[in-house]
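Same order as they appear, the protein sequences are chains A and X.
Following the working numbering, the numbering of the first sequence begins with 42 at its first residue and continues without gaps.
Following the working numbering, the numbering of the second sequence begins with 42 at its first residue and continues without gaps.
The beta carbon of each residue, even a glycine, is placed where N, CA and C say it ideally should be.
So the structure is just underneath, and the comments pick up after that.
Protein chains: 2
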Amino acid sequence: MVSHRRDFFLAYSPEREDPGNKEFSVATIPKVMGGLTDDCLRLTSNLYKNIVSETVEVSSLETAEATKLMENIFRAVNIAMVNELKLVLSRMGVNIWEVIDAAKTKPFGFMPFYPGPGMGGHCIPIDPFYLSWKAKEYNTEAKFIELAGEINRKMTENVAQRIGKALNDYKKSIRGSKILLVGVAYKKDIDDVRESPALRIMSLLEYKGAKINYHDPYVKNIRSLKSLDLTKSNIKEQDVIVITTDHTNIDYSALGKYAKLIVDTRNIMSTVKNSKARVLRA
Amino acid sequence: MVSHRRDFFLAYSPEREDPGNKEFSVATIPKVMGGLTDDCLRLTSNLYKNIVSETVEVSSLETAEATKLMENIFRAVNIAMVNELKLVLSRMGVNIWEVIDAAKTKPFGFMPFYPGPGMGGHCIPIDPFYLSWKAKEYNTEAKFIELAGEINRKMTENVAQRIGKALNDYKKSIRGSKILLVGVAYKKDIDDVRESPALRIMSLLEYKGAKINYHDPYVKNIRSLKSLDLTKSNIKEQDVIVITTDHTNIDYSALGKYAKLIVDTRNIMSTVKNSKARVLRA
Numbered sequence: 042m043v044s045h046r047r048d049f050f051l052a053y054s055p056e057r058e059d060p061g062n063k064e065f066s067v068a069t070i071p072k073v074m075g076g077l078t079d080d081c082l083r084l085t086s087n088l089y090k091n092i093v094s095e096t097v098e099v100s101s102l103e104t105a106e107a108t109k110l111m112e113n114i115f116r117a118v119n120i121a122m123v124n125e126l127k128l129v130l131s132r133m134g135v136n137i138w139e140v141i142d143a144a145k146t147k148p149f150g151f152m153p154f155y156p157g158p159g160m161g162g163h164c165i166p167i168d169p170f171y172l173s174w175k176a177k178e179y180n181t182e183a184k185f186i187e188l189a190g191e192i193n194r195k196m197t198e199n200v201a202q203r204i205g206k207a208l209n210d211y212k213k214s215i216r217g218s219k220i221l222l223v224g225v226a227y228k229k230d231i232d233d234v235r236e237s238p239a240l241r242i243m244s245l246l247e248y249k250g251a252k253i254n255y256h257d258p259y260v261k262n263i264r265s266l267k268s269l270d271l272t273k274s275n276i277k278e279q280d281v282i283v284i285t286t287d288h289t290n291i292d293y294s295a296l297g298k299y300a301k302l303i304v305d306t307r308n309i310m311s312t313v314k315n316s317k318a319r320v321l322r323a
Numbered sequence: 042m043v044s045h046r047r048d049f050f051l052a053y054s055p056e057r058e059d060p061g062n063k064e065f066s067v068a069t070i071p072k073v074m075g076g077l078t079d080d081c082l083r084l085t086s087n088l089y090k091n092i093v094s095e096t097v098e099v100s101s102l103e104t105a106e107a108t109k110l111m112e113n114i115f116r117a118v119n120i121a122m123v124n125e126l127k128l129v130l131s132r133m134g135v136n137i138w139e140v141i142d143a144a145k146t147k148p149f150g151f152m153p154f155y156p157g158p159g160m161g162g163h164c165i166p167i168d169p170f171y172l173s174w175k176a177k178e179y180n181t182e183a184k185f186i187e188l189a190g191e192i193n194r195k196m197t198e199n200v201a202q203r204i205g206k207a208l209n210d211y212k213k214s215i216r217g218s219k220i221l222l223v224g225v226a227y228k229k230d231i232d233d234v235r236e237s238p239a240l241r242i243m244s245l246l247e248y249k250g251a252k253i254n255y256h257d258p259y260v261k262n263i264r265s266l267k268s269l270d271l272t273k274s275n276i277k278e279q280d281v282i283v284i285t286t287d288h289t290n291i292d293y294s295a296l297g298k299y300a301k302l303i304v305d306t307r308n309i310m311s312t313v314k315n316s317k318a319r320v321l322r323a
């Protein structure tokens, strides 16, 4: 530890946000911060009090960082856990979305997380691994974090396999099939594709020879592709449509009406009445 | 699947409770249920509507059971995760209780769980393993559940090791030392010792030759032992006092006043001002 000079102060306040959440902004989210010294913390707190409604002062820089890590690890592990449970329960013929809807009627001690094609974004799939890496330096292990990473990678492959199986029922291979990914941002109603599982699925399918297109109202271009409009003919000509992110402003009933085959990683097609497409949950 | 006879109906509604929670009782906790047939479910629901304020009907017996499992798995995994994080962060000199207090100021997407000496009770350390066992039959794995079990066992051993280290500082061995466990129920303010980690710690220490006593206002006897009163002389004569469960109605200030050495698995001694005892978090 160095001590601060007269005119140099060091503090750390981790990012805390929820992209797409309209209820909270930087100003209304309590701001966690730690200082190298008491003076560092006091000055930082005084600065932030002009900007945010609540400051949360902790005893060290490391504690501030650990707070952010705990918040991200909590989400990474719970997302991975529900994804693993989806794989287990689906083999048993149990619909995990129905299970989650029932479980969340418990008025205490439960918080719902939902399965999907894997974790995305610039925090949750990345930050926890700082700690599992650092833990090794201290001759210990953060196994839950490692397992969350493992399951996350597995989910992406699982979606690709599910698409292969679905096409196989129609005597088609992935190679040469027209596949449209719907929703490529890492979560609904935002435009951020950083670490998005949809991109990994896209790469996997391209590698296997699929003719890939995508539709995302928030993402105009990816690599050499442009977002394809969900017109009747564009939908009809796909061998399979894969819902990777369930943006609110997508016309799912058009998909249900015109698509032959849909692989749905978000269970959003359960909201479409009278769908004519064959829909497989993945 | 058998179909029901005219006068035989089968349904399943899992237990859902939170011992010690005064806010909710059987009548006010929504009741999840599944039936073998629609008639089974309807009759069960009609029956329960006389007793509970809300029924939650799911599509099968298996879905009802999976709901209970998900609720228990969520808690088992999150408790184990925070326990593992405690081991990692404590090596780095970071106090996990301070981190949790800071993290829970996040107004969305976080739910606090607290470290302790391991999981206890008749649901959380047991039920999840039905599913990990059953998963193998389906040629799949529930690794988060297995890891939660592994960390849970590790916590108990970790507390015993921490006690050994603490005594070692005083040139004492576990063999021959007087050790008092405070709180043996599996959680605070209840009298249930089923699967309580305190009992496993007690066995571990007895096996190593400690002279064990315990104090628990809710548990009058365990095996051949009676709860020892927390008198000044009873506290003073202990080589180490281990807080395993933080019941509300225990005089922690007396412990802080008269004990030499305390190993605190619940961070409850942080609430005692002017403690003279040496307190180690475990």
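Residues in the same chain with beta-carbon distance under 7 Å from residue i, minus the five sequence neighbours each way, listed in chain order, please.
i	result
tyrosine 155 (chain A)	Val123, Ile141
isoleucine 192 (chain X)	Ala121, Asn124, Glu125
lysine 147 (chain X)	none
aspartate 292 (chain X)	Leu271
asparagine 290 (chain X)	Pro258
lysine 267 (chain A)	Lys261
Which chain X residues sit within Cβ distance under 9 Å of residue i?
i	result
glutamate 236 (chain A)	By Cβ distance, chain X contributes nothing, its closest Cβ being about 17 Å from glutamate 236 (chain A), past 9 Å.
valine 118 (chain A)	Val118, Asn119, Met122, Phe185
leucine 51 (chain A)	By Cβ distance, chain X contributes nothing, its closest Cβ being about 17 Å from leucine 51 (chain A), past 9 Å.
What in chain A is Cβ-close to residue i, meaning under 8 Å?
i	result
aspartate 59 (chain X)	Phe149, Gly150
alanine 143 (chain X)	Val73, Val97, Val99, Thr104, Ala105, Thr108
threonine 286 (chain X)	The premise fails here: threonine 286 (chain X) is roughly 18 Å from chain A at the closest Cβ pair, so nothing lies under 8 Å.
What residues in its chain sit with their C-beta under 8 Å from that of residue i, if we drop five residues either side in the sequence?
i	result
serine 94 (chain X)	Ala68, Thr69, Pro71
isoleucine 137 (chain X)	Val123, Leu126, Lys127, Leu130, Ser131, Pro156
asparagine 113 (chain X)	Cys164, Ile165, Asp168, Pro169
valine 99 (chain A)	Val73, Met74, Gly75, Ala105, Thr108
tyrosine 89 (chain X)	Ser54, Lys72, Met74, Thr96
isoleucine 231 (chain X)	Pro60, Gly61, Tyr259
alanine 144 (chain A)	Phe151, Pro153
Among the options, which has the Cα closest to the Cα of residue i?
i	options	result
glycine 161 (chain X)	X:Pro148, X:Ala189, X:Lys145, X:Ala295	X:Ala189
isoleucine 165 (chain A)	A:Ser100, A:Lys175, A:Glu58, A:Ala105	A:Glu58
leucine 110 (chain X)	X:Glu56, X:Phe65, X:Met152, X:Glu64	X:Glu56
lysine 277 (chain A)	A:Val260, A:Ser66, A:Lys219	A:Lys219
glutamate 103 (chain X)	A:Asn290, A:His256, A:Glu139	A:Glu139
serine 244 (chain X)	X:Tyr227, X:Arg264, X:Lys177	X:Arg264
histidine 256 (chain A)	A:Asp210, A:Asn315, A:Val135, A:Asn275	A:Asn275
isoleucine 253 (chain A)	A:Asn62, A:Tyr179, A:Leu221	A:Leu221
threonine 181 (chain A)	X:Tyr179, X:Met133, X:Glu178	X:Met133
alanine 117 (chain X)	A:Gly150, A:Asn87, A:Glu247	A:Gly150
serine 66 (chain A)	A:Asp48, A:Leu77, A:Arg322, A:Ile92	A:Ile92
tyrosine 227 (chain A)	A:Pro158, A:Ser316, A:Ile215	A:Pro158
alanine 323 (chain X)	X:Tyr171, X:Asn119, X:Ser311	X:Ser311
tyrosine 179 (chain X)	A:Val135, A:Glu247, A:Lys249, A:Leu246	A:Val135
alanine 251 (chain A)	A:Val225, A:Lys213, A:Lys229	A:Lys213
leucine 321 (chain X)	X:Glu247, X:Asp48, X:Val200, X:Ala176	X:Val200
What does residue i reach in chain X if we use C-beta pairs closer than 8 Å?
i	result
valine 129 (chain A)	Leu172, Ala176, Tyr179, Thr181, Glu182, Ala183
asparagine 62 (chain A)	Phe149
Can you name, in chain order, every residue of its own chain whose Cβ lies under 6 Å from the Cβ of residue i, other than the five neighbours on each side?
i	result
glutamate 187 (chain X)	Ser173
arginine 241 (chain A)	Thr197
Taking Cβ-Cβ distances shorter than 7 Å, what residues in chain A pair up with residue i?
i	result
valine 135 (chain X)	Glu103, Thr104, Ala107
What does residue i touch in chain A if you count any residue whose Cβ is under 9 Å from its own?
i	result
valine 320 (chain X)	Per Cβ cutoff of 9 Å: no residues; valine 320 (chain X) is ~17 Å from chain A at best.
glutamate 56 (chain X)	Correct list: empty, because the minimum Cβ distance to chain A is about 12 Å.
Going along chain X in order, which residues have a C-beta closer than 7 Å to the C-beta of residue i?
i	result
valine 140 (chain A)	Thr104, Ala107, Thr108, Met111
valine 188 (chain A)	This sequence places leucine at residue 188 (chain A); valine is not what is there. Per Cβ cutoff of 7 Å: Lys184, Phe185, Leu188.
phenylalanine 65 (chain A)	Pro148, Phe149
glutamate 125 (chain A)	Ala183, Lys184, Phe185
arginine 132 (chain A)	Tyr179, Thr181
Quick one: is the Cβ of residue i within less than 7 Å of any heavy atom of the ligand SAM?
i	result
glutamate 106 (chain X)	As for the ligand SAM, it is missing from this structure, which has no ligand bound.
Three-pair Cβ contact test at 8 Å for the segment 235–243 of chain X versus the segment 287–304 of chain X: no
Meets three-Cβ-pair contact criterion under 8 Å: the segment 276–287 of chain A and the segment 305–320 of chain A: yes
Interface residues of the segment 86–116 of chain A facing chain X [CB-CB below 8 Å]: Glu95, Val97, Val99, Ser100, Ser101, Glu103, Thr104, Ala105, Ala107, Thr108, Met111, Glu112, Ile114, Phe115, Arg116
Stretch-stretch touch, CB-based, cutoff 8 Å, three pairs: the segment 72–91 of chain A with the segment 46–59 of chain A: yes
Residues in the segment 69–88 of chain X having any Cβ partner in chain A nearer than 7 Å: Ile70, Pro71, Val73
Segment contact, 8 Å Cβ cut-off, at least three pairs: the segment 288–296 of chain A with the segment 193–202 of chain A: no
The segment 200–208 of chain A touching the segment 264–284 of chain A, judged by at least three CB pairs closer than 8 Å: yes
Residues of the segment 241–254 of chain A whose Cβ lies closer than 7 Å to any Cβ of chain X, in chain order: none
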